[in-house]
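Student: For the sequence shown, position 381 (counting from the first letter as 1) is numbered 622 according to this note's numbering, and the numbering increases by one without interruption.
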Amino acid sequence: MKTDIQIAQESTMLHIRDVAGQMGLTEDDLDFYGKYKAKISLDVLRREEKTEDAKLILVTAINPTPAGEGKSTVTVGLGQALTKIGKKAVIALREPSLGPVFGVKGGAAGGGYSQVVPMEDINLHFTGDMHAITTTNNLLSAAIDNHIHQGNKLNIDVRRILFKRVLDMNDRALRQVNVGLGGKPNGFPREDGFMITVASEIMAILCLATSLEDLKERMGQIMIGYNYDGEAIFARDLNVQGAMALLMKDAIMPNLVQTLENTPAIIHGGPFANIAHGCNSILATKTALKLGDYVVTEAGFGADLGAEKFLDIKCRFGGLNPSAVVIVATVRALKHHGGVQKADLSTPNVEGLEKGIVNLEKQIENIRKFNLEPVVAINKFVSDSDEEIQYIENFLNKMNVKVALTEVWEKGGEGGVELAHKVIEVAEGAGTYKPLYDVELPIKEKIGTIVKEIYGGSSVAYSPKAEKAIREIEAMGLDKKPICMAKTQYSLSDNPKLLGAPSGFEVKVNEVKLSNGAGFIVCLTGDVMTMPGLPKVPAANNMDIDEDGNILGLF
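#1: So does the segment 478 to 492 actually touch the segment 378 to 390, counting three or more Cβ pairs closer than 8 Å?
#2: So, helix, strand or coil for M464, using DSSP?
#3: Since G351 and V300 are thought to touch, with beta carbons under 8 Å apart, how far apart are those beta carbons, to the nearest angstrom?
#4: To the nearest angstrom, how far is it from the Cα of V569 to the Cα of L453?
#5: Would DSSP call S756 helix, strand or coil?
#6: Output yes or no for whether 7 Å exceeds the beta carbon distance between V536 and V331.
#7: Could you spell out where the alpha helix (DSSP H) holding D238 opens and where it closes?
#8: So what does DSSP say about Q582, is it helix, strand or coil?
#9: Can you confirm whether P743, when its beta carbon is compared against all beta carbons of chain B, has any partner nearer than 7 Å?
#10: So what does DSSP say about E747, is it helix, strand or coil?
#11: Across which residues does DSSP place Y535 in a beta bridge pair?
#12: Could you tell me whether the segment 440 to 449 touches the segment 521 to 534, where touching means 3 or more Cβ pairs closer than 8 Å?
#13: Which runs of the beta strand (DSSP E) at least 3 residues long sit entirely within the segment 437 to 507? Give them in chain order.
#14: Could you give the distance in angstroms between the alpha-carbon of E655 and the alpha-carbon of T647?
#15: State the DSSP-derived secondary structure class of T301, mapped to helix, strand or coil.
#16: With distance defined between alpha-carbon atoms, name the residue in Y731, S282, A322 nearest to T504.
#17: Is it the case that the Cβ atoms of M460 and A440 are separated by a distance below 7 Å?
#18: Beta carbon of I281, beta carbon of L497: below 7 Å?
#19: State the Cα-Cα distance for the pair F761 and F796, rounded to the nearest angstrom.
#20: To the nearest angstrom, how far is the alpha carbon of A333 from that of T324?
#21: Kindly indicate which residue of I303, V357, T314 has the alpha-carbon position closest to the one of K278.
#22: Please classify T324: does DSSP put it in a helix, a strand, or coil?
#23: Within 10 Å of its beta-carbon, does G741 have 16 or more other beta-carbons around it, so buried, or fewer, so exposed?
#24: Assuming D362 is part of the alpha helix (DSSP H), what are its boundary residues?
#25: Identify the continuous alpha helix (DSSP H) that holds F542 and give its terminal residues.
#26: What is the residue span of the beta strand (DSSP E) that E280 lies within?
#27: Using the C-alpha atoms, what's the distance from R335 back to E694?
#28: Where does L677 fall in DSSP's three states?
#29: Quick one: using the 10 Å Cβ neighbour count with 16 as the cut-off for buried, is E268 buried or exposed?
#30: With H, G and I counted as helix, E and B as strand and the rest as coil, what does DSSP make of E713?
#31: Give me whichever residues DSSP pairs with Y703 in a beta bridge.
#32: Where does the unbroken beta strand (DSSP E) through K643 begin, and where does it stop?
#33: Indicate whether I598 and F636 have their beta-carbon atoms separated by less than 7 Å.
#34: Is T571 closer than 7 Å to E222 when the C-beta atoms are compared?
#35: Decide if P426 is buried, meaning its Cβ has at least 16 other Cβ atoms within 10 Å, or exposed.
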């Protein structure tokens, strides 16, 4: 079998203006980035404001495992399948981060014969959005330290600066640093640190803003720290929100590319799902909803993280009403949740499957709590036995859940036709989704609802630091916001080793942070890192480029 990059490099792409033409767009609606990439003007969304929205389909998954689930691949394949059966489909995805691309996870362009292309560009610098976010974030950081150096009129407490610098690369050495060293000309020494760009509040703001003006206002609302009197300091106090917004004037426009089968794909924004809210931008999704009949989008990691945040944060802010949810599962991953070792996942084992299918069962229950009906996509691997597949189908039939065997990695859109028909059936009969909780509730009550209802936990323990942060946020009157849980993706709990569907556990909240510009409150649990590190053997070690400019080893 050819590698993903070989398949991508051998594909026949349409000129991006022809892809745009499928959605009724003209060259005047686009800013071209070569032949195969373009940005879509925000004027399109304003012009199509009264156009009826398409059906919105969310693709999520069980808790991810080392065996892989293929959520992005199924998202792309489903979009291609909808096109193949005559529907006007548009795919809406997140942009990959360079950190995971060169680390262990790889890119986020799908796989096999269900990819978005040009794959190399999308996984590398693309249209420069990540660099714009990085620079915008670091402009604010520079302005903070410059203000202190120039006399500190705002009386900023250097011990309580909350806003960190960012870099779009996994670099553990930058997690904690000292800045301002080298004497008086270099400013005041203080402790600082870096996060990965996708964890930046600027990224979250980009993905939740509804216009350039909204983005600028949200930039000004970023809380950067406290003064020596304990009062909050915001970016607007430094008067840099205008400069920050102008750096984002191109990045705010959604990016248009295509799949291997030339289905339009809008790729824009990429917040991490275990750190941030894990969804592409509201602007990209709303634009797609005006340009097709069905929009297929995805949210990061399992339904307990990406889907919950999609439904409780993104849909709430964007006024979105999804019509169906696809939960991606594999036989191999379910066996992993049943305690089967990675080396044995290719061996048929119905007993292990029986133990691990509880993870899928719990994620189905979670989706139904939002008044939505799931469709399960069994992403087929060659090692799957007929008996194992039949067991899953029988289990889901008893739960009255539609299920489709999916082979989009190997067969492209053709391998997702059954899934497409079942998704349409569910979407056409959909009601109105409902969020899990009311944002007006106290912070702890909102956190407790997520932990008990979605994770299956029994209680929440708060560190003294988290308790203090909650009191301060409530005292400022900034607590009436959705919760963004930062948690391990590998388990429903905050312990990555608790597989399957654990219950009765306690979740430990170590830190609570206000992302005031984004409009949500972040709760960090377990050992979630906002600046990941590279693995012992990074994916970068297997990448190369030849003298003709051909890229090798990217996935």
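Where is the CB? At the ideal position from N, CA and C, for every residue including glycine.
Tutor: In short:
#1: yes
#2: strand
#3: Contact flag wrong, Cβ pair sits at about 11 Å.
#4: 35 Å
#5: strand
#6: yes
#7: Residue 238 lies beyond the stretch modelled for the chain, which goes from 242 to 796, so this question has no answer here.
#8: coil
#9: Among the chains of the structure shown, chain B does not appear; only one protein chain is present.
#10: strand
#11: K296, A330
#12: yes
#13: 464 to 468, 473 to 475, 496 to 500
#14: 9 Å
#15: strand
#16: A322
#17: no
#18: yes
#19: 33 Å
#20: 14 Å
#21: V357
#22: helix
#23: buried
#24: 360 to 364
#25: First-last for F542: undefined, no H or E at that position.
#26: Reading the sequence as shown, one finds Lys at residue 280 and not Glu. Where K280 is concerned, the enclosing beta strand (DSSP E) stretches over 279 to 281.
#27: 27 Å
#28: coil
#29: exposed
#30: helix
#31: V750
#32: 643 to 647
#33: yes
#34: Past the boundaries of the shown model lies residue 222; the chain is included only from 242 to 796, so the question cannot be answered.
#35: exposed
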